[in-house]
Amino acid sequence: MRTFKKGGIHPPENKITADIGIEILPTPDIVTVLLSQHLGKPAKPVVKKKQKVKKGQLIAEADGFISAHIHATTSGMIKSIDERVSSPAGQFSQAVVIESDGQEEWADGLNIDIDYESLSREEKLRKIQDAGIVGMGGAGFPAHVKLNPPPEKKVDTFILNGAECEPFLTTDHRLMLEKPEEILKGLDIAASLFDKDIRVYIGIEANKADAIKIMEERTQGTRFEVVPLKAKFPQGCEKQLINTVTGRVLAEGQLPFDVGCLVHNVATIYAIYEAVAKNKPLIERVFTVSGMEINSRKNLRATLGTKITDIVDYCGGVTDEINQVIVGGPMMGKAQFTFDVPITKTTSGILFINNRGLERSRERACIRCGKCVEVCPQGLQPWIMTDLARLNRSELLPAYGLNDCMECGSCTFVCPANRDIVHWIKYAKVMNTRQKR
Amino acid sequence: MTTQTRQLTVSHAPFVRSGDSIEKVMYTVALALLPAIAAAIYYFGLRSLWVTLTSVISCIVFEFLINKIRKKDLTCFDGSAIVTGLLLSLNVPAGLPFWMVIFGSFAAIVIAKELFGGLGYNIFNPVLVARVFLLISFPAEMTAWVVPHSVDMVTAASPLGLLKTEGLSAIANISYWKLFMGEIGGSMGETSALAILIGALLLYAKGYIKLKIPLTFIATTFLFTGLFYLIDPSKYASPVFHLLSGGLMLGAFFMATDWVTSPMLARGQIIFGFGCGFLTGIIRLFGGYPEGVAFSILIMNALVPLLDKWDLNSIAKGRRAH
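Note that the protein sequences, when read in sequence, are chains C and L. Under my numbering, the first residue of the first sequence carries the number 1419, and numbering increases by one thereafter. Under my numbering, the first residue of the second sequence carries the number 17, and numbering increases by one thereafter.
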């Protein structure tokens, strides 16, 4: 079985919710729709306070090339447009607060069946753009930009990313089990945007044997090929998945289309299906609620803008031992300082954990064991980057490949001296951007 | 309690760790040294045990005191002082006076390790600094090697010492098998190549040592001494003798591989191993001392920052060329 060449780790998988079907969380009375749910500039609001909106109606417009539309996630009245709402990414963002009228009434022309096969490439891309779809695996890069690479870049390989290598998360896993038809149709739509002879692979880690089986059954006799992947973190990172499936290696600064590849994750492809075949904008998503400190662990489909407080109430509350709420997975997620945070297009999971043991352990001097070098999937030297960042010499780091680091955290996971390696690398990136300004 | 009033901790990813720690690493290394300690007790008697205990306990005490003086977190139980103590005892003769053992612990922990900033910051291998410190301060006591299985700690020269002072004929009747098993005079841990190899195997299996350094080290010594043996077998001892005697095995597998004082990258490690082996050969064949492992590793320790810098510069250059 295939896996990527360099580095990688095996954190405990903890896929507790793998066998639990997706449940629908009822839309709460008030939803808080952030206007920055994607990479790039926040969207600009096009609605006013007290205005009535219908479900799926555009409420904020993409601002510039790298940006994405935002839609009303339920029908009701705009209660307010708040300037500073804390986002799960740890920043403040503008948000449109909608008071639901409980009708869930769709705007005209949305949520209908469409004869999408006859649509042209441009029409399909337009629909994806109009639906405000972004990479739902975590990066939040606008999908219509990614699916429309510059014409001189020839894409010959399309990869559906079903690796889901983060511990705990079972979102893509459940989607593949419950919506295989829709995902394959979405994959067909995405692949139809490229040359006819494009190769299409479905990469799934071996720990999801049932998903591999379902996908293999459904792709018999089609041009899609299911590739079982040997489980290793960070298999789901674009560069690693490309290396596993095609053997190609991305040099520093290269994007997947530079090596003729395009990768989209399962949730995104599902959203593309809904946008093109059903005229449904991206207003809800599936995510995993897990961790030891929440009373019931589930896979949920919820309206974007639902707050973590609503989710905690629905899942029977948290235990007294809880001290961290993580949005995303335990390797690359973000710790929240409050439960009062709405979910966004990129929320793949919410973990409720007790991490007091880890919190108390302190950072020690590097003992130069070389483990960070061994596990780095990008072949970097995390130890020297950490040393230099701590000495406030961040400007020296790009020479060692700072921008090649995708912050997977494998180095920090293995460090016996408990050094916050990836944190220092992120810090150096921030310091360098500041210097440039 | 509602979610509103709960305190949450904000920290950065990752929120899981492998559970590996300095303690775990150090106690594993200590475990890997036990076969050598056992061999020392078997060959040189119970006094070996007392030397080991004195050395370990005094290392912990010195580390504790210096932690207190520097007002730092206690690091005396993280296992590194224990490893230093164990290794130090393996580097001295079983008959060394206890106060000298304590003096050696002081040199290792206080001078070589803590004055440089503690674990991770020391440039030189603390144990070897202590060994050389003792050797220069007390040359007679440090070369009074106990004869194996002797009742009243009879001492004699080590095979390498004999070779240096009396020539090739003096070691003619020492079999390789005796050298391999350790039934010869020498410091506590240097004698049994077998016991060292058992420990090294454990470290290798755990992934705590990479073989680049010890293999290039041993191979270079073997080839260097072998070359002279080929030139004039009547004057120089065979390379197998050099391989099995003295501190080569202990030095190559346990001292030269010390993470803190050896290079991080492959090319540096190979040059480091080669340098150690080459210098050991030179000192053994042409130097004033019979044994050169400790000196050669210390000299190469000093080059580690340069080797690392060279490797890192090459990496940066390779990236720019892309």
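Glycine included, every Cβ here is placed at the ideal spot set by N, Cα and C.
Can you find a C-beta in chain L that's less than 8 Å from the C-beta of R1703 of chain C?
no
Under 8 Å between the Cβ atoms of A272 of chain L and I214 of chain L?
no
By DSSP's criteria, E1702 of chain C is part of a beta bridge. Which residues make up the other side?
C:T1721
Taking the beta carbon of L1769 of chain C as the centre, do at least 16 other beta carbons fall within 10 Å, making it buried, or is it exposed?
By the 10 Å Cβ count, L1769 of chain C comes out buried.
Close-in-space but distant-in-sequence residues of the same chain around I1607 of chain C (CB under 8 Å, 5 per side omitted)
Y1534, K1542, I1690, Y1691, V1694, A1695
Taking just the CA atoms, how far does P142 of chain L sit from K180 of chain L?
27 Å
Answer with buried or exposed for D274 of chain L, where buried requires no fewer than 16 other C-beta atoms within 10 angstroms of its C-beta.
buried
Nearest chain C C-beta to A332 of chain L closer than 8 Å, yes or no?
Using a CB distance cut-off of 8 Å, A332 of chain L counts as an interface residue toward chain C.
Using a C-beta to C-beta distance shorter than 8 Å, which residues of chain L count as neighbours of Y1818 of chain C?
Within chain L, the residues near Y1818 of chain C are L328, I331, A332, R335.
Using the C-alpha atoms, what's the distance from P1652 of chain C back to P1674 of chain C?
16 Å
Please report the distance separating the alpha-carbon of T44 of chain L from that of F132 of chain L.
25 Å
Is any non-hydrogen atom of the ligand ADP found closer than 7 Å to the C-beta of L106 of chain L, if you look at the structure I gave you?
This structure simply doesn't include the ligand ADP, nor any ligand for that matter.
Given F154 of chain L, which residues of its chain have a CB within under 7 Å of its CB, disregarding the five upstream and five downstream residues?
M116
Does the Cβ of M17 of chain L have 16 or more other Cβ atoms within 10 Å, making it buried, or fewer, making it exposed?
With a pLDDT of 49 at M17 of chain L, under the threshold of 50, the predicted position of this residue should be treated as unreliable, though the coordinate-derived value follows. Exposed, because fewer than 16 other Cβ atoms sit within 10 Å of the Cβ of M17 of chain L.
So T236 of chain L and F294 of chain L are in contact, right, with Cβ under 8 Å, and what is the actual spacing, rounded?
5 Å
Between D248 of chain L and chain C, is there a C-beta pair that is closer than 8 Å?
no
Going by C-alpha to C-alpha distance, which of C:G1734, C:F1705, C:T1756 sits closest to Q1410 of chain C?
The requested residue 1410 of chain C does not occur in the structure, where chain C is confined to residues 1419 to 1855.
Is the stretch 1486 to 1500 of chain C close to the stretch 1696 to 1704 of chain C, with three or more CB pairs under 8 Å?
yes
Should L260 of chain L go down as buried or exposed, given a rule of 16 or more other Cβ atoms within 10 Å for buried?
buried
Span separating the alpha-carbon of A1720 of chain C from that of G1474 of chain C
14 Å
I'd like to know if the stretch 1812 to 1821 of chain C and the stretch 158 to 171 of chain L are in contact, where contact means that at least 3 CB-CB pairs between them fall below 8 Å.
No, they do not touch.
What residue range is occupied by the uninterrupted beta strand (DSSP E) comprising T1575 of chain C?
1575 to 1580
Check whether the stretch 325 to 336 of chain L and the stretch 292 to 308 of chain L are in contact - that is, three or more C-beta pairs closer than 8 Å.
no
Taking Cβ to Cβ, would you say N189 of chain L is nearer than 8 Å to T277 of chain L?
no
Only counting the same chain, and skipping five residues up and downstream in sequence, which positions put a Cβ closer than 6 Å to that of S74 of chain L?
For S74 of chain L, where only same-chain residues beyond five positions count, the Cβ hits under 6 Å are I118, S121.
Cα separation between R1808 of chain C and G1556 of chain C?
28 Å
Name the chain L residues that come within less than 8 Å of D1838 of chain C, Cβ to Cβ?
Residues of chain L whose Cβ lies closer than 8 Å to the Cβ of D1838 of chain C are, in chain order, H28.
From P306 of chain L to F240 of chain L, what distance separates their C-alpha atoms?
Near 16 Å, if we compare the C-alpha coordinates of F240 of chain L and P306 of chain L.
Could you tell me how far apart the beta carbons of G1494 of chain C and I1477 of chain C are, in whole angstroms, since I believe they sit closer than 8 Å?
In fact, because the Cβ distance is near 11 Å, the residues do not count as touching under 8 Å.
Please list, in chain order, the chain L residues whose beta carbon lies closer than 9 Å to that of W1801 of chain C.
The CB of W1801 of chain C comes closer than 9 Å to the CB of M280 in chain L, given here in chain order.
Buried/exposed call for I152 of chain L, threshold 16 Cβ in 10 Å
Answer is exposed; the Cβ neighbour count stays below 16.
Identified DSSP bridge partners for V1616 of chain C
Residue identity check: residue 1616 of chain C is Ile in the sequence provided, not Val. In DSSP, I1616 of chain C forms no bridge with anything.
Would V1832 of chain C pass as an interface residue toward chain L - the criterion being a Cβ-Cβ separation below 8 Å?
Yes, its Cβ sits closer than 8 Å to a Cβ of chain L.
Nearest-angstrom Cα distance between I127 of chain L and E1656 of chain C?
49 Å
9 Å Cβ cut-off: residues of chain C touching G136 of chain L
Correct list: R1782, A1783, C1784, I1785, R1786, A1835.
Output yes if chain L places a C-beta closer than 8 Å to the C-beta of L1809 of chain C; else output no.
no
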